[in-house]
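First the structure, in the form of structure tokens, and then the observations on it.
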Amino acid sequence: MKNLPLGIRKWRIFFTYLTLCIPLFTLLLSVAPQIQNLTVTGRITDNTGMPLAGVHVKSVYTKKGVVTDFDGAYQIGVSPVDSLVFTAIGYKSQTKAVNNQEIINVALIEDITELGTVMINAGYYNVSERERTGNISRITSKDIETQPVTNPLAAMQGQMSGVNITQTTGVPGAGYDIEIRGKNFINGTTNPLFIVDGIPYSGQSLESAYLSANINQGNVSPLNFINPQDIESIEVLKDADATAIYGSRGANGVVLITTKRGKIGKTKFDIGFNTSFGKVTRFRALMNTEQYLEVRKEAVINDNFESYYNNPSLDYFWPDLKIWDQTRYTDWQQVLLGKTSTRNNLQFAVSGGSEQTQFNISGSHLKETTVFPGDANYNKTTVYSALNHGSIDGKFNLNFTTSLSLEDNDLPYADFTLLANTLEPNAPSLFTDKGELNWENSTWKNPLAALDRQYNMKSNTILSSALVSYEVLENLEVKTSLGYSKYDLTSYATYPSSSLDPNLGYGAEYSTTSTNQSSRDSWIIEPQINWSQELGNLKLSVLLGATYQQQKEKQFVIRGSDFPNNNLILTLSAANNLLIVTDTNSEYNYAAYFGRFNLNFKSKYILNVTGRRDGSSRFGPGKQFGNFGALGGAWIFSEEGMLKNSSWLSFGKLRGSYGTTGSDNIGDYKYLGTYDITGNYYDDTLVIEPSGVYNPNFGWEVNKKLEVGLELGMFDNRLNVQLAHYQNRSSNQLIGIPLAATTGFSSLTGNFNATVENKGLEFDINSLNIKTSSFQWKSSLNLTIPKNRLVAFPDLESSTFANKYIVGEPLTMIRLYHAFGVDPSTGIYQFEDYNADGKITSTDDKQWIEDSAPDFYGGFSNAISYKNFTLDFLCQFKKQKGYNSLAIDALAGFKRNGPVELYQRWLEQGDNSLVQKATMGGMPALSIAGQSQSQSNAAFTDASFIRLRNVLLNYKLPTSVIKGVDLNLFLQGQNLVTITNYMGADPEQTSNSKLPPLRQITLGAQLNF
Amino acid sequence: MKTKNNINNAIVQLVFNCIKKRYWGICLMGLILFSCESILDIDPPKDTLITETVFEDVSTVESALANIYYNMREGGMVSGVNGIAVNLGAYSDELNYHGYNTGQLNFYNHNILASESILLDWWNQAYNLIYAANDIIYGLDHSDILTEEDQNFYKAQALFLRGYLHSLLSGVFGATPYIKTIDYVQNNRKERSPEAEVYEMAIEDLETSLELFENSSLSLGNIYPTKSASRALLARLYLYTGSWEMAVKTSSLLIDDFELESDLSKVFLKESVETIWQLKSGKIKNTYEGISFIINTIPTRGYALSSDLLNAFESNDLRAVNWIGSITSDDGLTTLYFANKYKETFTNSTTELEYSIIFRLSEQYLIRAEALAQLNNLEQANQDLNTIRNRAGLMSVDLNSKADLMEAIFKERRIELFTEHAQRWFDLKRFGKASDLLSDIKQGWRDTDVLLPIPESEIELNPNLKPQNPGY
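So this is what it looks like as structure tokens:
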């Protein structure tokens, strides 16, 4: 305590006193007499008379409660003048006065909209949907279970307003990009904070791009470890009110994942099985052999290469024109991406429990193949268990969950998509007549040789969490959550010489293997005190807590080369050369205090104050702490006299919040001036290289969030409308500032005094259109209209961002040339010369501004059930612009296939064509113009789409067929239909080298008994 | 202090009372809240060194310098892989490229764009290593622990490297920024200095370096820069900048100190006596130059010598025998000739025989010959030229006009120094003959091609680098 600055000391003292004062205060307030001289019993049923287990029965006066047993029965000791409150999820709560009755039976009415009783997980506390002051979106197991996906983020796509999720590639096991309410930080990531059962879980991949850049960009989602079927709910915290309690880590939003718990009742078995078949959504339209060769030959003439062309000793230079079969045609997309992938998923769960103890154990296994040639496949096994226990007096509660997940991913070394899109259409056949790989006298690289190169990734994840709570006094609860997670990833990528043309004479001495061994370990302890008190119409609750977290990461990448033979390629000890590529260890420690203060007057006026003081080891001395906080309020105006008995308005709430969150999302040790130890030597001297500039002055980023929201429930809450307007401003940006090479570094992490604003509108509409005893139709629509803007950027003009950003424009802006099309007289692309200097240069003439972020996006879903059939479907839509096929290639005539648009090239004077005249690189002016065309507004056009993301048809076998057994059979489709004007393959994945998302059809069965 | 004690006593009292009342949970909570921030103190990372500690020990300073030597060998302009020797060889009239690599083809076809990634690599690596050199200079200047002799010896190497890399940058890109500090704010906006000024600043660095070397008794052999390396580069830059007398004086010192290897087949072995500075090979036991230039199969994806260069050899030139290799296709129709100064590729030998030579003595003879010719000392100029010719088995010449002599030196340099660090390309520019000689053999030639473009992305990052070189 000696050396701490005064500020911290003050805080300690403040917290210590606060912590000790609360119980004393509580003692004063809880001295009211507790008379219990009546035992009330009863039975709770639903409106059809079926007994309801697990209903909470609570005394209004003493706050003590019990839970109903299997037969819906309860027994509670109360005072004769007390009242009892009956609550159960999915039902409307009821309050009954005791009035000396000894038997109180209640039939609860199903709450079709669940508004009042649904409790939302807000992280450190729960809040009812009705009384929440913050903006929290939510999907539950009902929405997730019906989607056969491997990653929880996939299940969220299109379901929530303000949440934009895109799959990075269609290769199994790869990552997702997630953006909650836009990009807040220049150069920073948009990754939110993921919390699984109370434990922060890093969504950062541990794979090294050194191994898997070509197949999944080094991006393996750690969130794969959760089996989506084990998830009870996913909540996304968006505004300041909801996220400020996460302080520094809440700037990009918080995603809370809660797993399923066992429920009181008889032991339940769930068995599920499903199989999917997948295909690439859309292929590109490419040139055929005739078109391709025609364009190529023209290029030879245009470039004046005829004399070379007619010289037979140079034939090797254009094998496609001079050596290969001129009539042969192969649809390489069909050959390399045309397979049907399969996915088999088997799942088993047992759950149940008594009033005191409930359990849930599940296991699953998944196997998924790819659309690539070869037998690549992805396997995942998960085991999950949850145990809840409460003491008989209800004071002690324990929640314990553990999940274990094993992934084994065998993939090709490289994604075949680029080859499929660029291989010459008359390239030779893959195999010789003898069935061996055909190298056509070394005139091409056989793509299937790449199958000899392997990539394998294995990961083990264990995540354990415990929540222990004890009710010290009846309104004072002490709890601690504890968590541990470990993520181990090992992978290898081989590059054997046998995958190269044997005629080139490369032996195993050229073979290489790289391996990656990485792990992340983290533990967390969060002690908390929860205190609540009612003072007449005023309900007060206070939460105080602290967090201690430590995370250690290791990554060890090593490359072996020069093997005695290719059979030993997986044995690094056999390699003659070993190179250590990466050997890093890092540590991240984090400490914080947090609190919440909630005032609720008459369940009408609610005030919520949250705050956090964060300390992070990522900052230099004196800069480690930051304070964050938020104020939120809600007014449930439908409770006001005038509206209380409105015939159409059943619920109305106005809420708002303002506060700050921050970010330390910069990587460890960035403030130190350092030298990295490389594994290289010069003359037996170890090589060390400068890796960081000393910069102790950087500190927390600040993100200010403002939100107002309106929530309406109409017609008995059958129609719910939520509107939210948000405005987030991020400043003191912590970014990797790009530096010119003359500084010796490509970037430097530091605070930048720029302000970025994200504002937008979010609409969520849920409606129960029709409900009869046999027919039900629900619809929901979410829509987000985001707007991102760089508000201020001092000295932008003289900074390294001068050519990247403009004040007033979004961060996602891109600068393009303004294309004037092809000059009909010269056949060359023309561009606007903005500064009229007669030259087209990137610094001066890329003045056409476009925005790569969507204008709006959302989802529209419907759930229709008729008797035993249900039909669900979800359409996702996005209005956006994206790079089209001209961005991939605007040059016709090179030795590579390209989009069929290239065939529409300029031929002779007067032609008004899309593409300039053919060239194969002999004319610099044409090459330069072609490259500029790829970076012009002509290459960036509409990529909006409406996609039928998910369709599900489910049939539930009547219970009477097999007694006591529920059997559901379903047929499900993903990405079945896409409506788009996009010029290219898939509007969601505009890259030429990455596999787009797949279209999948799934058949499955679910058995419960 | 007193208040603090009182507070502490009060807390102890309260804690004690709490335990008595079995509110243990609250106490535990309070204690945990209380123990707090020391968790934020973390150990320094295991895999990195804090900059100050690097300059507290000679071995880590050597490691920091090793970074520069290692990277020069493995990539960038000086390297035998994709460096100036290969690409500017194909860009000028030395090499024909037979492969498909787009970047390398662009050099060969004179189809260079400002976005060319090879150029960006050269630029980035050179400035990266210049920063490394500057950081070493700064660290040594601020080190209280190293001896003065050590400080001077390592600083001499760093200054030499700074001068060398800048001189190459200027040769390729023309006017370039000259970086002397580690201040990133300043360096981030650095403007270009005209070519002549770059050479002047490089000469200044090298003169300082030479002085430091001369005052030091330490030496690590010719796989590190020495006073001779500083002199060799100084002589070259004096020549480039027209300081003929200084060029004669400096090269003479080297000619006195070293001797020519009489057997041409031994000139490129690592023990060669005429080597002034070379880079020791690493995991690959011999040189990247050997791998890049030697052709093992037909068809090849490598570089063959141009017929233009082959025809420039006089008959009976022993260098054609010793330094040129050939391969004929199985059908006997095609024969390709390749640079074979280095004999080893990394497959045919597992022992170290050759290192990458950067400066060798015969260039000094040619430098002196040229400087003497400029000073109209034709007799001695002829003599120096003949030293090189005679070693190659050629007859002496006796040219008595300055113009003829200059032409002969220009030609001799082409033959003696072919495929060595783009000497030919720099000569073509220096003698003002690039347009004359290349416009006929390079279809894509434009007169503005004498300068390569500043990488476009760098101009975007630092607008002070504007204007771009003409033609891009």
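Line by line, the protein sequences give chains U and P. Oh and the first sequence: position 206 is 206 in UniProt numbering, straight run, nothing missing. Oh and the second sequence: position 290 is 290 in UniProt numbering, straight run, nothing missing. Glycine residues also receive a C-beta, built at the ideal position from the N, C-alpha and C atoms. Just so you know, these numbers come straight off a predicted model, no measurement behind them.
Legend entry - Cutoff 7 Å; reference U/V85; Cβ partners in own chain excluding five residues on either side: Locating residue 85 of chain U in the first sequence gives position 85, counting from the first residue. Within the same chain, and ignoring the five residues on either side of U/V85 in sequence, the residues whose Cβ sits closer than 7 Å to its Cβ are K58, V60, S93, T95.
Legend entry - Cutoff 6 Å; reference U/Q127; Cβ partners in own chain excluding five residues on either side: Counting from 1 along the first sequence, the entry for residue 127 of chain U is found at position 127. According to the sequence displayed, residue 127 of chain U carries Val and not Gln. If we look at U/V127 and ignore the five residues flanking it on each side, its Cβ neighbours are I120.
Legend entry - Every unbroken beta strand (DSSP E) within the stretch 707-770 of chain U, with a cutoff of 3 residues, ordered by chain: 719-731, 733-738, 747-752
Inset, instruction - Starting from the N-terminal side, write out each stretch of the alpha helix (DSSP H) that is 4 residues or longer and does not extend beyond the stretch 881-958 of chain U. - result: 885-888, 924-934
Inset, instruction - Consider the Cβ of P/M1: report whether some Cβ of chain U lies at a distance smaller than 8 Å. - result: Your numbering for residue 1 of chain P matches position 1 in the second sequence. Because P/M1 sits at a pLDDT of 39, beneath the cut-off of 50, its placement in the model cannot be relied upon, and the point is left open.
Legend entry - Beta-carbon neighbours of P/Y70, restricted to chain U and to distances below 7 Å: Within the second sequence, the letter at position 70 stands for residue 70 of chain P. Correct list: N680, Y682, V687.
Legend entry - Contiguous beta strand (DSSP E) assignments of at least 3 residues, all confined to the stretch 124-212 of chain U: 126-128, 136-140, 163-167, 176-180, 193-196, 199-201
Inset, instruction - Please classify U/T784: does DSSP put it in a helix, a strand, or coil? - result: Reading the first sequence from its first residue, position 784 is the one you call residue 784 of chain U. Residue state for U/T784 is assigned as strand, using DSSP reduced to three classes.
Legend entry - Test: P/G242 CB closer than 8 Å to a CB of chain U: Working through the second sequence from its first residue, we reach residue 242 of chain P at position 242. No - not a single Cβ of chain U is within 8 Å of the one on P/G242.
Inset, instruction - Find the nearest neighbour of U/L500 within the set U/S469, U/E474, U/S459, U/E440, judged by alpha-carbon distance. - result: If you number the first sequence from 1, residue 500 of chain U lands on position 500. Out of U/S469, U/E474, U/S459, U/E440, U/E440 has the C-alpha closest to the C-alpha of U/L500.
Inset, instruction - Keeping to the same chain, check which residues put their C-beta closer than 7 Å to that of U/E471; ignore five residues upstream and five downstream. - result: In the first sequence, the residue the question calls residue 471 of chain U occupies position 471. Closer than 7 Å at the Cβ level, and outside the excluded window around U/E471, lie K395, E477.
Inset, instruction - Tell me the start and end of each unbroken beta strand (DSSP E) in the UniProt domain "RagB/SusD" (335-472) of chain P that is at least 3 residues and wholly inside, in chain order. - result: 335-339, 356-360
Inset, instruction - Go ahead and pull the three-state DSSP assignment for U/S233. - result: Taking the first residue of the first sequence as position 1, residue 233 of chain U is located at position 233. U/S233: strand per DSSP, three-state reduction.
Legend entry - U/F348 at chain P interface by Cβ criterion, 8 Å: Translated into positions along the first sequence, residue 348 of chain U becomes position 348. No, because no Cβ of chain P sits closer than 8 Å to the Cβ of U/F348.
Inset, instruction - With a 10 Å radius around its C-beta and 16 neighbouring C-beta atoms as the bar for buried, classify P/H421 as buried or exposed. - result: What you label residue 421 of chain P is simply residue 421 of the second sequence in a count that begins at 1. That one is buried.
Inset, instruction - Select from the stretch 836-853 of chain U all residues with a C-beta closer than 7 Å to any C-beta belonging to chain P, and list them in chain order. - result: T841, S842, T843
Legend entry - Cβ separation of U/E762 and U/G158, assumed to be a contact under 8 Å, to the nearest whole Å: Indexing the first sequence from 1 puts residue 762 of chain U at position 762. Indexing the first sequence from 1 puts residue 158 of chain U at position 158. At roughly 14 Å, the Cβ-Cβ gap does not stay under 8 Å, so U/E762 and U/G158 are not in contact.
Legend entry - The alpha helix (DSSP H) enclosing U/A349, as first and last residue numbers: Within the first sequence, residue 349 of chain U is the residue found at index 349, counting from 1. First-last for U/A349: 341-353, but that is the beta strand (DSSP E), not the alpha helix (DSSP H).
Legend entry - CA-to-CA distance, U/T150 to U/L398, given in whole angstroms: Mapped onto the first sequence, residue 398 of chain U falls at position 398. Mapped onto the first sequence, residue 150 of chain U falls at position 150. U/T150 has its alpha-carbon roughly 29 Å from the corresponding atom of U/L398.
Inset, instruction - Report yes or no: is there a C-beta of chain P within less than 8 Å of the C-beta of U/G611? - result: To locate residue 611 of chain U, count along the first sequence from 1; it is residue 611. So, not an interface residue.
Inset, instruction - In angstroms with no decimal places, state the Cα-to-Cα distance between U/G922 and P/A408. - result: In the first sequence, counting from the first residue as 1, residue 922 of chain U sits at position 922. In the second sequence, counting from the first residue as 1, residue 408 of chain P sits at position 408. Cα-Cα distance, rounded: 34 Å.
Inset, instruction - Can you give me the Cβ contacts of P/L451 inside the same chain, cut-off strictly under 7 Å, excluding the 5 residues immediately before and after it? - result: Position 451 of the second sequence, counted from the start, is the residue given in the question as residue 451 of chain P. F173, G174, N469.
Legend entry - For U/W531, the three-state DSSP class (helix, strand or coil): Walking along the first sequence from the start, residue 531 of chain U turns up at place 531. If DSSP states are grouped into helix, strand and coil, U/W531 belongs with the strands.
Inset, instruction - Determine the extent of the beta strand (DSSP E) in which U/P690 is found, giving its start and end residues. - result: Counting from one through the first sequence, the residue named residue 690 of chain U turns up at place 690. 685-692 is the span of the beta strand (DSSP E), which, as asked, contains U/P690.
Legend entry - Selection from U/N100, U/Q550, U/T342, U/L321 that minimises the alpha carbon distance to U/P172: On the first sequence, residue 172 of chain U is found 172 positions in, with the first residue counted as 1. If we check each option's Cα against that of U/P172, U/T342 comes out closest.
Inset, instruction - Could you have a look at U/P412 and say whether DSSP puts it in helix, strand or coil? - result: For the purposes of this step, residue 412 of chain U is taken as the residue at position 412 of the first sequence. Of the three classes helix, strand and coil, the one that applies to U/P412 here is strand, per DSSP.
Legend entry - Own chain partners of U/Y605 with C-beta closer than 7 Å, once the 5 adjacent residues on each side are dropped: Locating residue 605 of chain U in the first sequence gives position 605, where the first residue counts as 1. Within the same chain, U/Y605 has close Cβ partners W635.
Inset, instruction - Would you check whether the ligand MN has a heavy atom nearer than 7 Å to the C-beta of U/S212? - result: Although the ligand MN was asked about, the structure shown includes no ligands whatsoever.
Inset, instruction - Give a yes or no on whether 8 Å exceeds the smallest Cβ distance from P/V54 to chain U. - result: For the purposes of this step, residue 54 of chain P is identified with residue 54 of the second sequence, where counting begins at 1. So yes, P/V54 belongs to the interface.
Legend entry - Close Cβ partners of U/T582 (< 6 Å) along its chain, the five nearest in sequence each way excluded: Counting from one through the first sequence, the residue named residue 582 of chain U turns up at place 582. Around U/T582: Q555, V557.
Inset, instruction - Using 10 angstroms around the beta-carbon of P/E191, count the other beta-carbons present and answer buried if the total reaches 16, otherwise exposed. - result: For the purposes of this step, residue 191 of chain P is identified with residue 191 of the second sequence, where counting begins at 1. Exposed, because fewer than 16 other Cβ atoms sit within 10 Å of the Cβ of P/E191.
Legend entry - Residue-chain proximity (U/G760, chain P), Cβ-Cβ < 8 Å: As a first step, residue 760 of chain U is located in the first sequence; it is residue number 760 there, counting from the start. No, because no Cβ of chain P sits closer than 8 Å to the Cβ of U/G760.
Legend entry - Where U/N577 meets chain P, residues with beta-carbon distance less than 8 Å: As a working mapping, residue 577 of chain U is identified with position 577 in the first sequence. Per Cβ cutoff of 8 Å: K283.
Legend entry - Any C-beta of chain P under 8 Å from that of U/V693: Residue numbering aside, residue 693 of chain U sits at position 693 when the first sequence is read from its first letter. It does; some Cβ of chain P falls within 8 Å.
Legend entry - For U/W318, the residue or residues it bridges with in DSSP: Here residue 318 of chain U corresponds to residue number 318 of the first sequence, with the count starting at 1. None, per the DSSP bridge assignment.
Legend entry - Assigned exposure category for P/E148 - 16 Cβ within 10 Å defines buried: On the second sequence, position 148 is the one that residue 148 of chain P refers to. With fewer than 16 other Cβ atoms inside 10 Å of its own Cβ, P/E148 counts as exposed.
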